[in-house]
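Protein sequences appear in the order of chains A and B.
Start counting the first sequence at 0; every next residue gets the next number (numbering that gives the first Met the number 0).
Start counting the second sequence at 0; every next residue gets the next number (numbering that gives the first Met the number 0).
From the three backbone atoms N, C-alpha and C, an ideal C-beta is built for every residue, glycine too.
This structure is a prediction, so every number in the text was calculated from the model and none was measured.
See below for the structure under consideration.
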Amino acid sequence: MDRLSLLVLVPALTMVIIAMFKDPKKVRLIAAVGMGVQLIQILFLLFAFFAERNAGNTSEMLFVTDVVWYQSLNIHYAVGIDGISVAMLLLTGIIVFVGVFASWEIEDRTQEFFITLILLATGVFGFFISLDLFTLFMFYELAVIPMYLLIGIWGSGPKEYSAMKLTLMLMGASALLLVGILGIYFNSAPDGGQLTFNFIEISKVNMPMEAQMFFFPLTFIGFGVLAAMYPFHTWSPDGHASAPTAVSMLHAGVLMKLGGYGALRIAIMLMPDAAHEMAWFFIILAVIGSVYGALGAVAQKDLKYINAYSSVSHLGLILFAALMFNQVAYEGAVLQMISHGLITALFFALIGMIYSRTHTRNIDEMGGLMKVMPVLGVAYMVAGFASLGLPGFSAFVAEMTIFVGSFQNTDLFTRVATVLVVSSIVITAVYILRAAGIMLYGPIKNKKFEMLPDARWYDKVAVFILIGVITGIGMFPGWLSNMIFTDLTPMFERMGN
Amino acid sequence: MELSKFLIMRSELSLLVVILLLLIVEIFSSKRDQAALINLATGFFLLHTILGFMPGVEGVLFGGMYQHTALTEMMKNILNVGVLILLMQSSGWLKMDSNIGKVSEYFMLTMSTLMGMYFMISAGDFLMMYLGLELATIPLAALVAYNLKEMKSIEAGAKFILLAALSSGIMLFGISLIYGSSGSVIYTEVMGNMNMNTLQIVAMVFFLAGLGFKISLVPFHFWTADVYEGAPANVAAYLSVISKGASAFVLVTLLFTVFKDLFAAWEVLLYAMAVLTMTVGNLFALRQQNMQRFLAFSSIAQAGFILLGIISGTHYGMTTVIYFVLVYVFSNLGAFGVISIVQNATGKFRMDDYSGFYQTNPRLSLVMLLSLFSLAGIPPVAGFFGKFFLFAAAAEQGYYWLVIIAVLNTIISLYYYLRVVKRMFLERSDKPIALINSDFLTKTSIALSVVGILVVGVLSQVFDWISLYSWGM
Numbered sequence: 000m001d002r003l004s005l006l007v008l009v010p011a012l013t014m015v016i017i018a019m020f021k022d023p024k025k026v027r028l029i030a031a032v033g034m035g036v037q038l039i040q041i042l043f044l045l046f047a048f049f050a051e052r053n054a055g056n057t058s059e060m061l062f063v064t065d066v067v068w069y070q071s072l073n074i075h076y077a078v079g080i081d082g083i084s085v086a087m088l089l090l091t092g093i094i095v096f097v098g099v100f101a102s103w104e105i106e107d108r109t110q111e112f113f114i115t116l117i118l119l120a121t122g123v124f125g126f127f128i129s130l131d132l133f134t135l136f137m138f139y140e141l142a143v144i145p146m147y148l149l150i151g152i153w154g155s156g157p158k159e160y161s162a163m164k165l166t167l168m169l170m171g172a173s174a175l176l177l178v179g180i181l182g183i184y185f186n187s188a189p190d191g192g193q194l195t196f197n198f199i200e201i202s203k204v205n206m207p208m209e210a211q212m213f214f215f216p217l218t219f220i221g222f223g224v225l226a227a228m229y230p231f232h233t234w235s236p237d238g239h240a241s242a243p244t245a246v247s248m249l250h251a252g253v254l255m256k257l258g259g260y261g262a263l264r265i266a267i268m269l270m271p272d273a274a275h276e277m278a279w280f281f282i283i284l285a286v287i288g289s290v291y292g293a294l295g296a297v298a299q300k301d302l303k304y305i306n307a308y309s310s311v312s313h314l315g316l317i318l319f320a321a322l323m324f325n326q327v328a329y330e331g332a333v334l335q336m337i338s339h340g341l342i343t344a345l346f347f348a349l350i351g352m353i354y355s356r357t358h359t360r361n362i363d364e365m366g367g368l369m370k371v372m373p374v375l376g377v378a379y380m381v382a383g384f385a386s387l388g389l390p391g392f393s394a395f396v397a398e399m400t401i402f403v404g405s406f407q408n409t410d411l412f413t414r415v416a417t418v419l420v421v422s423s424i425v426i427t428a429v430y431i432l433r434a435a436g437i438m439l440y441g442p443i444k445n446k447k448f449e450m451l452p453d454a455r456w457y458d459k460v461a462v463f464i465l466i467g468v469i470t471g472i473g474m475f476p477g478w479l480s481n482m483i484f485t486d487l488t489p490m491f492e493r494m495g496n
Numbered sequence: 000m001e002l003s004k005f006l007i008m009r010s011e012l013s014l015l016v017v018i019l020l021l022l023i024v025e026i027f028s029s030k031r032d033q034a035a036l037i038n039l040a041t042g043f044f045l046l047h048t049i050l051g052f053m054p055g056v057e058g059v060l061f062g063g064m065y066q067h068t069a070l071t072e073m074m075k076n077i078l079n080v081g082v083l084i085l086l087m088q089s090s091g092w093l094k095m096d097s098n099i100g101k102v103s104e105y106f107m108l109t110m111s112t113l114m115g116m117y118f119m120i121s122a123g124d125f126l127m128m129y130l131g132l133e134l135a136t137i138p139l140a141a142l143v144a145y146n147l148k149e150m151k152s153i154e155a156g157a158k159f160i161l162l163a164a165l166s167s168g169i170m171l172f173g174i175s176l177i178y179g180s181s182g183s184v185i186y187t188e189v190m191g192n193m194n195m196n197t198l199q200i201v202a203m204v205f206f207l208a209g210l211g212f213k214i215s216l217v218p219f220h221f222w223t224a225d226v227y228e229g230a231p232a233n234v235a236a237y238l239s240v241i242s243k244g245a246s247a248f249v250l251v252t253l254l255f256t257v258f259k260d261l262f263a264a265w266e267v268l269l270y271a272m273a274v275l276t277m278t279v280g281n282l283f284a285l286r287q288q289n290m291q292r293f294l295a296f297s298s299i300a301q302a303g304f305i306l307l308g309i310i311s312g313t314h315y316g317m318t319t320v321i322y323f324v325l326v327y328v329f330s331n332l333g334a335f336g337v338i339s340i341v342q343n344a345t346g347k348f349r350m351d352d353y354s355g356f357y358q359t360n361p362r363l364s365l366v367m368l369l370s371l372f373s374l375a376g377i378p379p380v381a382g383f384f385g386k387f388f389l390f391a392a393a394a395e396q397g398y399y400w401l402v403i404i405a406v407l408n409t410i411i412s413l414y415y416y417l418r419v420v421k422r423m424f425l426e427r428s429d430k431p432i433a434l435i436n437s438d439f440l441t442k443t444s445i446a447l448s449v450v451g452i453l454v455v456g457v458l459s460q461v462f463d464w465i466s467l468y469s470w471g472m
């Protein structure tokens, strides 16, 4: 068994073990241990990755395993990682681990909850290690479908509606993606020869322009919907608002990044010519998304809706950066995926904790919470400062890199787009500070809130880990950004051809 | 003719032996031995199925009227597996009081129609194929009307036999035109005389209409929902899985051989029928409340997907069609299995009745979940692979728009499959269906479908095995 397949095997095994126990206490303990092992495994993988790179191993993908699966379509079970996927794995590992602690209070069908949650995580891990478009697509769908059950069973509010809307929109997108992937496959050897699903191989050939023009939009929109691309973002606020805490964390933190990763790595990298041709259109959508998302967040009163719209806005930045055809902007896109994943997970975790105490998410009904729950209050402020891009936190590094990159494109259109996108950062400050101000400061509006308990130990585990990583990356971004930049180079150079 | 030549017809002969044995056993059995009779009949069929997997003899009999190849053997084996699961599944239902005294009939009728399908698949000329079709249809009508005390069942039987007779007539007319225009009914001779003249195209259209009735392709699907609803759940499963699968096998082999030179004509036909069948089936399934009606429309939609593999005309396309039928056998039998268990235990058949099903019957709900996900094409279960490969077959030949229509249809289908999932898992009910206990054979059959759903996709060997015997135009 190679070490990458273990990333899928450990969660799978965790699910099997959980299935044998009914007692909620045991179940969440097993889930925590299983995901802890997974996180440690990923850390070891990261060190091994650095060791290989430092030893001078410059091959694009490391730890590659390649087994033929379906001969007739040349489908392989092919896994491997580079700096980008290992970073995404790290993000996923952290958020899933933390997500287990954020779900500590789930009492209803605990066993089923954790199995479904880890099933989702399995799909995500599998997605990020896949080199073969077929398995990548398979894991993608595997990650999306548990959302239906997670929101529908353990959600709140109009959960059935939200779950159905989210599932149908995301699966609809993946249907387009399926056509895109088939199109890529059947055009993967324009000069004759063996067709392949391996995206590293495909990126080395030039697909015919006609095919690119047909399949790029399908693929890009297919991934874009998951990245909440305007106007296909409508599943996101409803879905996030109805989802239980850990699911919101995983979904906004990780699952939406599948969209960004795929849009960049599959759609744009494999079909760069068509991407160039159509970039203007999708840049407009990304700009609208980021500004509209930010404005939408200003208009909301519900904490989860605020954060969901904020995700739409920040994901718009990722798509924007992905369309800049500039290595620095790409680096920023990947950094932003990681940074936003961590910050939004922290937000959703805190919102879940606050909600479980106050039983309301409406900011107008809260006030003065800083006095009763200082730990959660301070953590919320930290998340807010991180989100609005204060130096010292990861979002600053990411957003700075994106704008430095996008400003290198000197044409007027990109300049204007960049300025517009930057304005979304300003609006971010508005809604974050406003929400935090109303909720945390001022007099306590509700007498019942005076007795609310502060963070418990499992809350603290979740919050401190996330804050630690966010500030860690903010203070010492060098290792991460170097790793991403270096590993983007071969891909980026091939795109130029 | 040497006697050993009959070995070529091994599957038919061994099935005939089983039927005759059952006839004898029936004479000597009393009404109290029903359970033993069920076990015995299932056991016989199990032996027959195992025999089918032994290496057989290829060859042609009766001057080309009957042919047995590795491909037909594989198709028969797939049908056998499906029928075996189905027979085991029926055991709980057959043991009910209302069925006392007519248990062996059920087995004999089922096996007779299966025999008809064997002949359809193995036919070497149109008359043989027609005879097989009739043998496959008429006992089915009796099976549909099996619940003699229920008006719905009898009505369904009458509808089925009338419409089947009509479609047979249309098909016979097509065959006579084929004979008129090519001077023969033997496949190989007809094949040489196909040259796209109008008469031949008309003949093919009539012929396809007859076959389309069996597969319930739109616009020949009108009987499906009523008959499925009225028939006992197990018979509906038989109609939707075995009967449809066998006809799909015949369709793909005939189009790839006899009508090969008319490709330009049937390409258009199939394209239109695929779009219509998928869309109409799906749209009508959206609002169904009766589970059997719901699966009837879902099975119409599934038939539309099969056409995507056929229209490609390639070796790969045929492989995907056969593979999809195999996957579909497991998935649909899983779903029908749960429905029939519920219906027999409680008499409930509406979708609303499944509210809170997971609270009391977690295992059955999970089986249903897996089956529906497989039908919808969600990884990692087999249906995902089946659909993906069908789409790939069509995409390979450049039918990208057809594939886009198909994938959009899978989303519609996902909606109504999720509706059932919602009832079972999301909703809580004060009075859910009580815990149901089934007998050993039924449980085993459900387990077999689940194993099929889980394994057939992940193990690529199954696909490779089918690919070994398929061929393209």
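- Residues of the segment 163 to 185 of chain A with a C-beta less than 8 Å from any C-beta of chain B: 163, 166, 167, 170, 171, 174, 175, 177, 178, 181, 182, 184, 185, listed in chain order.
- Sixteen is the threshold: when 16 or more other Cβ atoms of the shown chains lie within 10 Å of the Cβ of residue 486 of chain A, as they do, the residue is buried.
- Non-local beta-carbon contacts of residue 170 of chain A in its own chain, meaning distances under 7 Å to residues more than five positions away in sequence, involve 143 in chain order.
- Under the rule that a run must span 4 or more residues, the alpha helix (DSSP H) segments found entirely inside the segment 196 to 272 of chain A read 198 to 201, 208 to 225, 234 to 241, 244 to 249, 255 to 261.
- Of the other Cβ atoms in all chains shown, 16 or more fall within 10 Å of the Cβ of residue 137 of chain A; this residue is therefore buried.
- Take the alpha-carbon of residue 204 of chain B and the one of residue 194 of chain B: they are about 15 Å apart.
- Residue pairing by DSSP puts residue 75 of chain A in a beta bridge opposite A/67.
- Of the residues A/466, A/63, A/106, A/25, the one whose Cα lies closest to the Cα of residue 339 of chain A is A/466.
- Under the 10 Å beta carbon count, residue 140 of chain A is surrounded by 16 or more other beta carbons and is classified as buried.
- For residue 459 of chain B, the nearest CB of chain A lies under 9 Å from its own CB, placing it at the interface with that chain.
- Taking the Cα positions, residue 411 of chain B is about 11 Å away from residue 283 of chain B.
- Residue pairing by DSSP places residue 122 of chain B opposite B/65 in a beta bridge.
- Between residue 409 of chain B and chain A, the shortest Cβ-Cβ separation is below 9 Å.
- For residue 448 of chain B, same chain residues with a beta-carbon under 8 Å away, outside a window of 5 residues either side, are 84, 329, 330, 332, 333, 336, 366, 370 in chain order.
- When the Cα atoms are used, residue 469 of chain B and residue 409 of chain A turn out to be separated by approximately 58 Å.
- Below the 9 Å Cβ cutoff, chain B contributes no neighbours of residue 430 of chain A, its closest Cβ being approximately 32 Å away.
- With a minimum length of 3 residues, there is no unbroken run of beta strand (DSSP E) contained wholly in the segment 377 to 419 of chain B.
- One alpha carbon belongs to residue 471 of chain A, the other to residue 258 of chain A, and they sit about 25 Å apart.
- The beta carbons of residue 237 of chain A and residue 164 of chain A sit closer together than 9 Å.
- Close to chain A, meaning a Cβ-Cβ distance shorter than 9 Å, is no residue of the segment 38 to 58 of chain B at all.
- Contact between the segment 193 to 204 of chain A and the segment 302 to 313 of chain A is absent, with fewer than three C-beta pairs closer than 8 Å.
- Collapsing the DSSP output to three states places residue 244 of chain B in a helix.
- Exposure of residue 160 of chain A is indicated by the presence of fewer than 16 other C-beta atoms within 10 angstroms of its C-beta.
- Residue 256 of chain B sits close to residue 190 of chain B, with the two beta carbons spaced by under 9 Å.
- The three-state reading of DSSP puts residue 185 of chain B in strand, counting E and B together.
- The bridge partners DSSP lists for residue 61 of chain A are A/80.
- Secondary structure within the segment 182 to 237 of chain B: the alpha helix (DSSP H) runs of 4 or more consecutive residues, fully enclosed, are 186 to 191, 197 to 214, 221 to 229, 232 to 237 (chain order).
- When Cβ pairs closer than 8 Å are counted between the two stretches, the segment 287 to 303 of chain B is seen to touch the segment 206 to 226 of chain B, the count reaching three or more.
- The segment 434 to 449 of chain B makes contact with the segment 82 to 97 of chain B; the number of CB pairs closer than 8 Å reaches 3 or more.
- Per the Cβ contact rule, the segment 97 to 114 of chain B is in contact with the segment 30 to 43 of chain B (3 or more Cβ pairs under 8 Å).
- When C-beta distances to chain B are compared with 9 Å, the residues of the segment 68 to 83 of chain A below that value are 68, 69, 70, 71, 72, 74, in chain order.
- Residues of the segment 139 to 159 of chain A with a C-beta atom less than 7 Å from some C-beta of chain B are 140, 141, 144, 147, 148, 151, 152, 159, listed in chain order.
- A check of alpha carbon separations from residue 6 of chain A across A/99, A/234, A/15, A/36 identifies A/36 as the nearest.
- Between residue 230 of chain B and residue 158 of chain B, the alpha-carbon positions lie close to 11 Å from each other.
- Secondary-structure assignment with DSSP links residue 349 of chain B through a beta bridge to B/289.
- Membership of residue 192 of chain A in any alpha helix (DSSP H) is not indicated, and neither H nor E is assigned to it by DSSP.
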